[in-house]
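Same order as they appear, the protein sequences are chains B and F. Under the working numbering, the first sequence is numbered contiguously, ending at residue 344. Under the working numbering, the second sequence is numbered contiguously, ending at residue 344. Virtual Cβ for every residue (Gly too), placed ideally from N, Cα, C. The structure appears below as structure tokens.
Number of protein chains: 2
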Amino acid sequence: MPTIRDVARRARVAPITVSRVINNSGYIRESTRRRVEQAIEELEYVPNALASSLRFNKTNMIALVVTDITNPFWTTITRGVEDACSECGMNVILCNTDERPDKEENYINVLLQKQTDGFLLAPVGGRSDIVRKIQKRGVPIVVIDRQIPSAHVDVVRSDSEDGAYRLTRYLLELGHRRIAILSVSSHISTGRQRVDGYRRAFVEQGAAVDPALILHGEYKGQSGYQMTVDLMQHVRPLPTAIFAGNNFIAVGVLNALHDLGFRVPDDVSVVAFDDLPYATEPFVTVAAQSPYELGLTAANLLIDIIAKREPAGTRDIVLPVELITRRSCRALLPEPILPDDT
Amino acid sequence: MPTIRDVARRARVAPITVSRVINNSGYIRESTRRRVEQAIEELEYVPNALASSLRFNKTNMIALVVTDITNPFWTTITRGVEDACSECGMNVILCNTDERPDKEENYINVLLQKQTDGFLLAPVGGRSDIVRKIQKRGVPIVVIDRQIPSAHVDVVRSDSEDGAYRLTRYLLELGHRRIAILSVSSHISTGRQRVDGYRRAFVEQGAAVDPALILHGEYKGQSGYQMTVDLMQHVRPLPTAIFAGNNFIAVGVLNALHDLGFRVPDDVSVVAFDDLPYATEPFVTVAAQSPYELGLTAANLLIDIIAKREPAGTRDIVLPVELITRRSCRALLPEPILPDDT
DNA sequence: CTGAAAGCGCTTACAG
DNA sequence: CTGAAAGCGCTTACAG
């Protein structure tokens with residue numbers, strides 16, 4: 003394959019001149035530029051970005067590390083990130099950790115070696131050492147979707163607590179008291195905060211929370227299904243409503259309820275965090291995040307930090323969620339809401 | 003940041019010795035290795051993969067270029083590719099062309115510069131120049147999902163023609179004759195071949211195809227919705243069945259039918275290519291591909307070609323599709339099927 | 001088993 | 001406006 007020397011020889015200039023043409027830097031006589039461009043064309047020269055990056059100390063690549071690439075929430079974030087990056091000629095390396103700490107650690111190591119200019123990280127757990135490792139090397143990082151309490155880092159996320167609070171209050175106002183929440187391990191900040199919001203709504207209403215109705219699984223359809231089966235088979239009295247902690251859990255909940263013979267909303271009401279992907283008919287009441295904006299915001303912040311237009315810091319940028327009420331909930335009224343009916 | 007020289011100095015060896023420890027190449031005295039490893043640890047040394055790749059002429063990265071990252075079909079392929087690659091220490095750069103030729107071309111150029119070891123490409127259109135550009139530079143490539151008639155290249159794909167044939171025959175056997183197919187431009191081989199299979203079933207049955215029932219849109223929900231509206235409002239006599247060309251089109255079809263007041267399967271039967279993502283209740287009869295295997299197969303072939311265990315060639319590896327019958331189709335019998343009822 | 005020299009393909013900093 | 005020299009951080013090929 004031809005190198006910059008071959009182009010230089012053919013255009014009868016020095017390699018550095020070819021470099022200047024390619025990078026549009028410094029002054030070049032118009033006729034020289036044309037000669038070089040022609041040589042590039044004739045040789046079908048493709049610059050070696052490895053060599054260029056090694057010298058420039060800049061790869062124009064950022065890493066986007068997500069936890070589940072099959073989830074539309076993350077693919078939509080990815081589009082936001084891509085759009086922000088392609089605006090300014092950056093490329094995105096997309097990595098999927100599958101919620102596994104070992105994969106996360108491995109990717110971070112590889113990406114540090116590959117000298118990506120920045121990291122957009124959705125951390126698997128709540129450990130801060132992985133963030134610190136990146137920061138120690140001076141590589142800009144923005145954490146997305148999930149907080150890490152012990153880390154000093156910029157975060158862009160949705161308001162999980164508020165969304166969960168509003169969904170729960172909505173159910174309480176419809177007269178529900180036995181509301182189950184199917185969430186995830188409290189090591190994941192979104193799972194923890196969604197349970198927090200749920201509790202706050204109960205407390206505000208003066209209603210007691212039944213710990214048996216708070217389940218912890220994973221952000222997967224299979225887990226939502228299993229939690230629902232456990233719930234409906236073993237917990238008594240039965241819940242009258244189920245709060246699914248994310249979109250995939252919601253799919254599992256709906257499938258399980260169907261298989262168990264419960265109708266929604268007649269027998270059980272259902273709400274979910276995240277809008278449901280590719281629903282053939284919008285049906286479930288949800289707290290919808292704005293994943294595209296999440297991706298856009300986080301990427302733009304990272305890009306600004308890389309370009310030193312912004313300092314790295316400990317921002318906590320929280321995007322609002324939207325409550326969308328549909329047909330998946332039944333009112334348990336007209337019985338009046340009692341201040342404390344437990 | 004410390005370089006290999008710093009490690010070498012600290013371990014009192016030459017840089018090349020450090021290199022040998024890192025790459026596990028050549029003989030090293032055990033005590034030397036330990037000294038080097040300790041220095042690496044103490045300095046928190048991270049090798050610069052840019053420099054290493056420049057020398058090795060190998061980046062251990064392959065590019066996966068897909069057409070729609072929000073489609074579960076592609077994300078599942080991606081998982082197959084990732085699993086195959088992580089087996090042998092390769093990394094995947096995932097790029098999303100959004101079915102746009104300009105984005106495709108741009109990504110290919112950038113990736114060639116970045117010296118990826120190979121390409122897994124789902125071509126946007128049927129043009130072969132993009133493939134030739136990659137081949138000219140001697141970079142291994144495997145085309146995935148879609149054929150390019152004029153290119154001499156290895157392909158891994160599903161049997162679109164057969165799947166479409168079987169779905170259509172299934173509807174014909176139920177007594178349907180006015181079967182609409184909502185596909186995509188024939189520049190995309192899968193779209194073309196699905197219409198081919200549809201035609202073959204009609205021909206075999208001795209039934210005539212009504213060109214007004216063959217629609218061409220895009221592989222998007224919005225497009226499926228629009229085509230369905232056009233179809234049901236303007237084409238007479240109304241179709242009794244709709245064949246959705248992919249999963250996203252199917253979602254659009256179902257949404258549109260619902261909004262227009264048609265019930266499935268009572269008023270209209272529906273079948274689709276690709277299983278439906280995250281259905282809250284499996285309901286539609288489909289020809290299901292095996293995207294995970296598609297990704298795995300294509301990646302393994304590419305890896306073998308890169309490692310020169312296999313020659314590059316013009317293989318056409320076709321994976322079978324599975325017909326899954328569910329509740330979305332109604333029999334128009336008992337009227338007997340006439341050999342030619344048009 | 002270990003190392004000095006040269007070079008991968010670019011670009012910075014200086015000179016003219 | 002253009003170029004010769006040096007170097008980015010590694011590793012190949014040779015020498016010992």
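Please determine, among the options, the residue with the shortest C-alpha to C-alpha distance to residue i.
i: F/V38; options: F/S27, F/A53, F/S21; result: F/S21
i: F/I305; options: F/S55, F/I64, F/V15; result: F/I64
i: B/T170; options: B/V141, B/Q207, B/I190; result: B/Q207
i: B/L348; options: B/C90, B/G247, B/R194, B/A281; result: Since the first residue shown for chain B is 3 and the last is 344, residue 348 of chain B is missing from the structure and cannot be characterised.
i: B/Q291; options: B/V211, B/S160, B/E220, B/I307; result: B/S160
i: B/H236; options: B/A124, B/N73, B/R11, B/L215; result: B/L215
i: F/E283; options: B/A309, B/L298, B/I307, B/A252; result: B/A252
i: F/R139; options: F/V68, F/Q115, F/D85, F/I244; result: F/Q115
i: F/E107; options: F/S130, F/C87, F/S88; result: F/S130
i: F/Q117; options: B/A333, B/R265, B/L335, B/M3; result: B/M3
i: B/Y200; options: B/R31, B/S185, B/H189; result: B/S185
i: B/D8; options: B/G28, B/S33, B/E46, B/D318; result: B/E46
i: F/R36; options: F/A301, F/S27, F/K105, F/A13; result: F/A13
i: B/T316; options: B/F250, B/D156, B/G223; result: B/D156
i: B/G1; options: B/V231, B/V15, B/F250, B/T230; result: This structure leaves residue 1 of chain B out entirely; chain B is present only between 3 and 344.
i: F/Q195; options: F/P213, F/A182, F/Y167, F/I181; result: F/Y167
i: F/T192; options: F/E163, F/N59, F/I183; result: F/E163
i: F/T230; options: F/I190, F/I181, F/M92; result: F/I181
i: B/N248; options: B/K60, B/E312, B/S187; result: B/S187
i: F/H154; options: F/R329, F/T327, F/P313; result: F/P313
i: B/I319; options: B/K310, B/S152, B/R148; result: B/R148
DSSP puts residue i in a beta bridge; with which residues?
i: F/E43; result: DSSP, once it has assigned bridges, lists no residue as partnering F/E43.
i: F/V231; result: Paired residues: none, contrary to the question.
i: F/L259; result: DSSP lists no partner for F/L259.
i: F/H218; result: F/S185
i: B/V320; result: B/R159
i: F/A243; result: F/I181, F/S271
i: B/L335; result: According to DSSP, B/L335 bridges with nothing at all.
i: B/L325; result: B/A289
Do residue j and residue i count as a contact pair if the criterion is CB distance below 8 angstroms?
i: B/Y294; j: B/G82; result: yes
i: F/T299; j: F/L325; result: no
i: F/E101; j: F/E220; result: yes
i: B/V158; j: B/I146; result: yes
i: F/L217; j: F/L233; result: yes
i: B/L278; j: B/V286; result: yes
i: F/P103; j: F/G128; result: no
i: B/L66; j: B/L113; result: no
i: B/P17; j: B/I30; result: no
i: B/L335; j: B/L174; result: no
i: F/I71; j: B/T99; result: no
i: B/A289; j: B/V323; result: yes
i: B/D276; j: B/R332; result: no
i: B/A124; j: B/A301; result: no
i: B/L56; j: F/L262; result: no
i: F/S330; j: F/V266; result: yes
Report back the beta-carbon spacing between residue i and residue j to the nearest angstrom; my notes put them in contact at under 8 angstroms.
i: F/Y227; j: F/A258; result: 4 angstroms
i: F/F204; j: F/V211; result: 5 angstroms
i: B/I308; j: B/P74; result: Contact flag wrong, Cβ pair sits at about 28 angstroms.
i: B/A209; j: B/R179; result: 6 angstroms
i: B/E84; j: B/V68; result: Not a contact, Cβ separation roughly 12 angstroms.
i: F/T77; j: B/T77; result: 6 angstroms
i: B/I110; j: B/I136; result: 7 angstroms
i: F/A246; j: F/S271; result: So it is not a contact: roughly 11 angstroms between Cβ atoms.
i: F/Y280; j: B/Y280; result: 6 angstroms
Minimum length 3: unbroken beta strand (DSSP E) runs contained in the region 143-183 of chain F: For the region 143-183 of chain F, whole beta strand (DSSP E) runs of length 3 or above, ordered along the chain, are 143-146, 156-160.
Minimum length 3: unbroken beta strand (DSSP E) runs contained in the region 75-136 of chain F: Counting whole runs of 3 or more residues, the region 75-136 of chain F contains the beta strand (DSSP E) stretches 93-98, 120-123.
Segments of 4+ residues assigned as alpha helix (DSSP H) that fall wholly inside the region 44-74 of chain B: Fully enclosed alpha helix (DSSP H) runs of 4 or longer: 51-58.
Ranges of the beta strand (DSSP E) found wholly within the region 268-300 of chain F, counting only runs of at least 3: With a minimum length of 3 residues, the continuous beta strand (DSSP E) runs that stay inside the region 268-300 of chain F are 271-275, 287-290.
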